[in-house]
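Under this note's numbering, the residue at position 141 of the sequence shown is numbered 829, and the numbers go up by one with no gaps. Yeah, the Cβ is synthetic: ideal placement off N, Cα and C, and Gly gets one too.
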Amino acid sequence: MDQETADAAVIGAGIVGLGIAWTLLRSGRRVTLIDPSPARGATFAAAGMLAPVSEYHYQEENLLTLTLESAALWEGFAAPFGPLSGYRATPTLVVGFDAADRAALADLQAVQRAHGLDVQAVPLREARRMEPLLSPQLSGAFLTPGDHQVDPRVLHARMLEAFRQAGGTVVEERAEALRWSANDDDGGASADRVTGVLLASGRVVTAVEVVVANGLASPELRGLPDGLDLPLRPVHGDILRLRVPEQLRPFLTATVRGSVRGVPVYLVPREDGTVVIGATQREDGQSGVSAGGVHQLLRDAQLLVPAVAELELDEITARARPGTPDNAPLLGRVASVGGGEVAGLVIATGFFRHGVLLTPVAARAVLHLLDGHDDGRWAAFRPDRFSPALLKETTVEAHA
């Protein structure tokens, strides 16, 4: 059986998996990245808003701490890839369409400010001075200067190239099963530690540590630890890319996030003269593009910025994001039915709508775990928190 060795094997080459692989490679490890189609899943569709403030949702305080920390890491994380990394430190302007939208945004602003977040009410005249193409009919505006953006496709391509050039190995195959010490080729979970990955071709990647970061495909991996439940659900979203004619450039300078009759919509300007408009959120099980979703996005975006009607529709995409029951990530080591934690395995999936934003802090968390350090801040996001048999072991261990 063909076999190769690595210090770390990362399953999944979306933005989270690649960010983890890149960080581990820079720590001096030999890293193998495994994915049959790098960046063709949720990363391909992601708008790349680095917006911990304007994306804050009620009762997400634990997640807020990490999103703020990760947002602060982004400039340094993107720096090795130069000025063409796709990272832009432009602000976000949040606008309301009608009086009810403005009232809802004002209520949210009060909560945000209570948490010490930087969000500022902006007179509509000032908002239109900043972005002249905004509709004069808007009801209110708020500025979040610390909410930036990155183009995930651009950054992923640059990072993947840098990963290869720095000695990282990319295996474009499907991971079939986890390999365990002293077990068979099917990757059963009867032994004491994970030792590698069985590929679809029959080859094996032997590794000291395996990181499972392949999003919605994670539960399909054979050989996951006994008792582990990864309750991921596909949350589909439609997203549009439109090209701005020369006479309308610059179309926008800031990301515009709006609420139109209670429904969110955003417009993200890119350096290549395009604008990303998104994104719907569907749990209807339909992986294709929703005609109603596309209509809604174009209608609502045009209500905020009427000149949207003059743009050229370049691309319509639908992808599924990996959601969890509490919409928070599954990240960390896994408790063993026999007590302690499974050696050689880290789970990093279920990032839902925050995958791009959380990439730097998640990559650093995985590095710390592999280095034997765990500061506890990810404890609320353990990947076994929805696994009753393992939750008992985790609770007993925590109180021992």
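Residues near residue i in its chain [Cβ-Cβ closer than 7 Å; skip 5 each side]
i: residue 888; result: 861, 862, 864
i: residue 874; result: A caution first: residue 874 carries a pLDDT of 46, below 50, which makes its placement in the model too unreliable to give a value.
i: residue 808; result: 830, 831
i: residue 869; result: 879, 880, 881, 883
i: residue 1084; result: Confidence in residue 1084 is poor, its pLDDT being 42 and thus under 50, which makes the residue's placement unreliable; the coordinate value appears in the next sentence. So the list is empty, once near-sequence residues are dropped.
i: residue 1075; result: 915, 916, 917
i: residue 833; result: 779, 806
i: residue 998; result: 933, 936
i: residue 715; result: 1055
i: residue 901; result: 698, 699, 700, 704, 705, 708, 1036, 1037
i: residue 1029; result: 1021, 1022, 1023
Distance between beta carbons of residue j and residue i, contact taken as under 8 Å
i: residue 943; j: residue 737; result: 6 Å
i: residue 785; j: residue 826; result: 6 Å
i: residue 914; j: residue 1034; result: Not really, about 17 Å apart at Cβ, beyond 8 Å.
i: residue 1055; j: residue 858; result: Not confirmed; about 19 Å, so no contact.
i: residue 1040; j: residue 1011; result: 5 Å
i: residue 831; j: residue 810; result: 5 Å
i: residue 1006; j: residue 904; result: Contact doesn't hold; Cβ gap of about 14 Å is too wide.
i: residue 1023; j: residue 985; result: About 42 Å; that fails the 8 Å criterion.
Rounded straight-line distance, which links the Cα of residue j to that of residue i
i: residue 735; j: residue 839; result: 7 Å
i: residue 709; j: residue 790; result: 42 Å
i: residue 752; j: residue 700; result: 25 Å
i: residue 1045; j: residue 933; result: 30 Å
i: residue 1013; j: residue 906; result: 15 Å
i: residue 1064; j: residue 1018; result: 14 Å
i: residue 848; j: residue 787; result: 46 Å
i: residue 812; j: residue 1031; result: 56 Å
i: residue 782; j: residue 966; result: 14 Å
i: residue 1066; j: residue 951; result: 31 Å
i: residue 797; j: residue 824; result: 22 Å
i: residue 1001; j: residue 987; result: 13 Å
i: residue 846; j: residue 774; result: 9 Å
i: residue 718; j: residue 724; result: 20 Å
i: residue 1053; j: residue 1062; result: 8 Å
i: residue 702; j: residue 758; result: 17 Å
Option nearest residue i by Cα separation, candidates the options
i: residue 732; options: 811, 704, 985, 792; result: 704
i: residue 690; options: 1075, 891, 811, 912; result: 891
i: residue 936; options: 814, 1009, 1075, 822; result: 822
i: residue 806; options: 1024, 967, 743, 978; result: 743
i: residue 1050; options: 1032, 965, 1070; result: 1070
i: residue 945; options: 800, 846, 916, 989; result: 989
i: residue 972; options: 926, 886, 1000; result: 926
i: residue 1058; options: 1073, 1036, 1078, 723; result: 1036
i: residue 803; options: 740, 761, 728; result: 740
i: residue 765; options: 919, 750, 707, 1016; result: 707
i: residue 730; options: 714, 969, 999; result: 969
i: residue 800; options: 748, 901, 1027, 986; result: 748
i: residue 761; options: 717, 724, 711; result: 711
i: residue 994; options: 728, 770, 820; result: 820
i: residue 1047; options: 844, 815, 977, 981; result: 844
i: residue 713; options: 1015, 867, 853; result: 853
i: residue 842; options: 958, 976, 1029; result: 958
i: residue 991; options: 886, 947, 975, 769; result: 947
i: residue 976; options: 923, 960, 996, 1028; result: 923
i: residue 850; options: 912, 893, 768; result: 768
Residues near residue i by beta carbon distance below 6 Å, same chain, minus five either side
i: residue 962; result: 929, 931
i: residue 777; result: 836
i: residue 896; result: 695
i: residue 632; result: There is simply no residue 632 to check, as the chain begins at 689 and stops at 1088 in what is shown.
Contacting residues, own chain, Cβ-Cβ under 8 Å from residue i (five flanking each side not counted)
i: residue 1003; result: 928, 929
i: residue 828; result: 783, 784, 789, 790, 793, 794, 809, 812
i: residue 816; result: 822, 824
**Request:** Return the chain-ordered ranges of every alpha helix (DSSP H) run that is complete within the stretch 740 to 824 and spans a minimum of 4 residues.
**Result:** 749 to 766, 787 to 802, 812 to 818
**Request:** Any chance you could list the beta strand (DSSP E) runs of at least 3 consecutive residues sitting entirely within the stretch 1018 to 1072, in chain order?
**Result:** 1018 to 1020, 1033 to 1037
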